[in-house]
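Taken in order, these protein sequences are the chains called X and E. Numbered by the numbering used here, the letters in the first sequence go through residues -18 to 571 in order. Numbered by the numbering used here, the letters in the second sequence go through residues 4 to 73 in order. Don't be surprised by glycine CBs; every beta carbon is placed ideally from N, CA and C. None of the values given here were measured: they were computed from a predicted structure. First comes the structure, then the notes that go with it.
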Amino acid sequence: MLPEKDIALRQREGERIARLNAHSKETLRVGVLSTFNVGLIEPFLHERLSQNGEIPRFYMGPFGQVSQELLNPESALHHFQPNVVIVLTAAQDLLAPIFHLERMDDGGRRAYVENCISDLRSALLVLVREQPGAVCYLSCINTCEAPIPNVLDPSSALRGQRILQQLLTEFTALSSLSPRIVNVDWNWDTTPGGTDLYDDDRLWYLARMRLNLRGLAQFSQLFYRHYCAYRGTSRKVLVTDLDGTLWGGVVGEAGLQGIVLGGDGIGLAFQDVQRAMLAYLESGVLLAICSKNNPADVLDVFEKHSGMVLRKSHFAGTRINWKDKTQNLRDLADELNVDLDSFVFIDDNPAERDLVRTLMPEVLVPELPVDPVQRPRFLRKLTCFDRIAVTKEDRVRVDSYGQQAQRMELKSTSKSFEQFLASLQQVVSIEPVHSGTVARAAQLCQRTNQFNLTTKRYTLGDLENFSSNKILELYTLRARDRYGDNGVVGFAMLRFVGDVAEIDTLLMSCRALGRKLEDVFLSFLAQRARDRGARCLEGHYQATAKNSQAAKFYQERSFVPEDDNVFVLDLTKYTPLTIPEVSLEVMTIA
Amino acid sequence: MSDVWGVPVSDIPDDATPESLAQWDSIRHLQFVMALEAEFQVRFTAEEMVALRSLPSFESYLAEHTGALS
């Protein structure tokens, strides 16, 4: 819960930033629609979004007209052309007749909920269609307040709890309409603090405001979490210390049975710390160890201690030695092929935390509470691993790092690199972007840093737009090998202008690099461009802080540099490359 | 006051009312009330929030309930 002073602080800070930015060009256009008055929310949203460097401009819809504003393509909201639309509803407003206790039988109530949801559904579909650049954040508050609360049996029709549960179920299902609709679950986030903290009856009766300043600040914070998660800026790797972090005490001194870890008391808190980490693993976060121990002691704990929740196999990388932790973190980053700015470092020792914080500011180092019993909740509440939903690729990734270890083993036993590649039995399939892959393609555009030739951060809305543009062709690359399916790991976009085909975007996820897949992709693009009548293929490179490894990519593949950023391949003299180590499946070109 | 209404203090007359100060609309009125509550640790009833409609009336209310401005 936000402390009182933070609320006033955020409000003033938001107002200050708004004045400061009053004459700057906005970076984000935020439309706010609600079933009740949220006229005071602007500074809170302003303050949150400025954390991300955004300069938002707002359109505040007249409250109580959510469907009208969404349904009418000529409405002020549609004219505003928002990138973000916040739809904030309250159960009491959506189901007003039920809360006003109008006479209705159970069937009538259910039909009322269905109607209400179907209205919202049509309205949201218009938004998705008319505003291809917009992401909608959808929320319904107060779904945990029964219309007749003194009837206590939750299954009683009179109490109205069931009808609210039906509303909540169907309301949350609205996000399945489009990947650009994101559910912001207010009730689960706020109920532990009690919802009455967030409203003020005076404000409701005098101004139709259902949320007080604390409520608006809390909602803005919750929205911002979802906004960041949707943008895909969350961290990917959790690196943990061992002694004092995964268990109490020092195993090298206390011995296997002397460490604090088990089903009771403080030992349980350490188990719950491990469970919190396991939950992150389940959601696609990689776990790694960085600790100062004798490896044999640690192996003993993993293999013999009955209190351990985490297994050795849960960790994608381990550095158990007496070296400097920053050196180990750097090694882990290399091994996992993930940048340090995707790392979160958990350590109970303040000196180690300070060291990492000072020498590696890009690594996030949470201030772990001194008291172990406070740590499980602390870890569960970290927002740096937020994601809207877990994609198939996220889950595959966790497995694929285990597979990566096997691949490395194979690499050291194979005689040549080519033999190694051939023994992987790689199969690549390239296909035009379609509704099933567009979300993953956008995710790759947002997240890929190293092998990304132009680093254009296209959003889902952008890509959906591009798909209907005749001069653009969008492709994804999926890779599998004898160790498993890597999922969609590459994305490219061709632009046809006259007899020139430009490679607007070419990127590959780092876990698929160094296996000639990028050559397969490029060779496909060249053939495709030639088939469509292009005489030359133009590769573009835009340097960023992180993609220097790709700077010579085109040059090394017989493209002729025109300047630092543009490289040209003459397609009339081009003979397609053969890459025997990889078999290619090209799916139907739409 | 200047924060709430977004005008310099010097532009706010001592006897300002919603009628005499253009920026004093209903939503700013509520913001003003909440700012006073936070500043002076008082709590207005809904009726008081509606009834108090000028700077002098707020001043005498606060003087009565906190002694701060006396």
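By the neighbour-count criterion, in which a residue is buried when 16 or more other Cβ atoms sit within 10 angstroms of its Cβ, X/E483 is buried. For E/A49, the nearest beta carbon of chain X is closer than 8 Å to its own beta carbon.
X/E23 and X/P347 have their C-alpha atoms some 29 Å from each other.
X/L101 is not a Cβ neighbour of X/S136, given a cutoff of 8 Å.
Taking one beta carbon from each stretch, the region 412 to 423 of chain X and the region 440 to 456 of chain X have 3 or more pairs nearer than 8 Å; the two touch. In this chain, the alpha helix (DSSP H) harbouring X/A314 covers 306 to 317. Counting only runs of at least 3 residues, the region 46 to 90 of chain X fully encloses the following beta strand (DSSP E) elements, listed from N- to C-terminal order: 65 to 71. By the C-beta criterion, the region -15 to 4 of chain X is judged to be in contact with the region 27 to 36 of chain X, since at least 3 inter-stretch pairs fall below 8 Å. Between X/T214 and X/M258, the CB-CB gap reaches or exceeds 8 Å. Closest in alpha carbon position to X/R509, among X/Y535, X/A138, X/R356, X/Y456, is X/Y456.
For X/A198, there are no neighbours in chain E by C-beta distance under 8 Å, as the nearest C-beta there is about 12 Å away. For X/E(-4), the nearest CB of chain E lies under 8 Å from its own CB, placing it at the interface with that chain. For X/N330, no beta strand (DSSP E) encloses it, and the DSSP letter there is neither H nor E.
Taking the beta carbon of X/L21 as reference, the chain E residues within 8 Å of it are I30, L33, Q34, listed in sequence order. Using a CB distance cut-off of 8 Å, E/A41 counts as an interface residue toward chain X.
Straight through space, the alpha carbons of X/A460 and X/P561 are spaced by roughly 15 Å. Between the region 497 to 511 of chain X and the region 328 to 344 of chain X, the count of Cβ pairs shorter than 8 Å is below three; the stretches do not touch. By the beta-carbon neighbour count (other beta carbons within 10 angstroms, threshold 16), X/T124 is buried. One alpha carbon belongs to E/D14, the other to E/W8, and they sit about 10 Å apart. In the DSSP assignment, X/P37 falls within the beta strand (DSSP E) that extends over 37 to 41. For the region 185 to 210 of chain X, residues whose beta-carbon sits nearer than 7 Å to a beta-carbon of chain E comprise Y186, L187, A188, L194. Assigned with DSSP and collapsed to three states, X/I240 falls in coil, not helix or strand. Residue contact check for E/D17 against chain X: no CB pair falls below 8 Å. The distance from the Cβ of X/L76 to that of X/C97 is about 7 Å, consistent with a contact at the 8 Å cut-off. Close CB contacts of E/H32 within its chain, under the 7 Å cut and outside five residues either way in sequence, are with P21 (chain order).
Contact of E/M4 with chain X is not assigned, every C-beta pair being separated by 8 Å or more. X/P160 and X/L444 have their C-alpha atoms roughly 12 Å apart. Listed by position along chain X, the residues whose Cβ is nearer than 7 Å to that of E/V53 are L187. With a cutoff of 8 Å on beta-carbon distance, X/L227 and X/L158 are scored as not near each other. Residues A138 of the same chain have their beta carbon placed closer than 6 Å to that of X/D87, with the five preceding and five following residues left out of the count. When Cβ pairs closer than 8 Å are counted between the two stretches, the region 105 to 122 of chain X is seen to touch the region 61 to 70 of chain X, the count reaching three or more. In this structure, X/L498 and X/V563 form a Cβ contact; the two beta carbons are roughly 7 Å apart against a cut-off of 8 Å. When DSSP states are grouped into helix, strand and coil, X/N193 belongs to the coil group.
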